[in-house]
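In full-length UniProt numbering, the protein residues as written are 1 to 146. C-beta atoms are modelled at their ideal positions from N, C-alpha and C, and glycine is treated no differently. Every value quoted in this text rests on a predicted model; they were computed, and no experiment measured them.
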């Protein structure tokens, strides 16, 4: 325990008050070795002592509830305009009211649409399929028409 305390103390003395070193003796030791060997296959005592500090800090972050808070200068924020309006006070567009259409105009519009209607996809498919083979085109025409 004293050696572990000395290793942590060499990294940063502030960690000694925050870390319960007894918790590091069981599963954390395996984690230390795994992570430190992953970082450095062969390492010196100094590198191992430095890794103990960073690995213990990382493992404590995973085990405890913590959050990082960043403080930025007020100059970096966008300025809020003085004439801002609350969202609830914004006037929304209302849908236009439906007017009654004269029956003669409605009939003329329907006639124009029926006369100049674009070609539907089904009719295009029939024309494409007719170029395949005579038997296949008869089957497709029969399926679409009937």
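### Query
Can you list, in chain order, the residues of its chain whose CB lies under 6 Å from that of residue 20, leaving out five sequence neighbours each side?
Correct list: empty, nothing qualifies.
#### Entry: Inter-residue Cα distance where the pair is residue 118 and residue 112
For residue 118 and residue 112, the distance between alpha carbons rounds to 11 Å.
### Task
Assign residue 54 to one of three DSSP states: helix, strand, or coil.
Note: residue 54 maps to helix in three-state DSSP.
### Message
Assuming the contact rule is C-beta atoms closer than 8 Å, residue 8 and residue 52 should be a hit. Round their C-beta distance to whole Å, please.
### Response
The pair is a contact, with the Cβ atoms about 7 Å apart (cut-off 8 Å).
### Query
What number of angstroms, rounded off, separates the C-alpha of residue 4 from the C-alpha of residue 15?
For residue 4 and residue 15, the distance between alpha carbons rounds to 12 Å.
### Query
Assuming residue 49 contacts residue 11 under a Cβ cut-off of 8 Å, what Cβ separation, rounded to an integer in Å, is found between them?
The Cβ separation is near 7 Å, so the contact holds.
### Query
residue 105: buried (16+ other C-beta within 10 angstroms of its C-beta) or exposed?
So residue 105 ends up on the exposed side.
### Query
Any idea what DSSP makes of residue 100, helix, strand or coil?
Coil at residue 100, not helix or strand.
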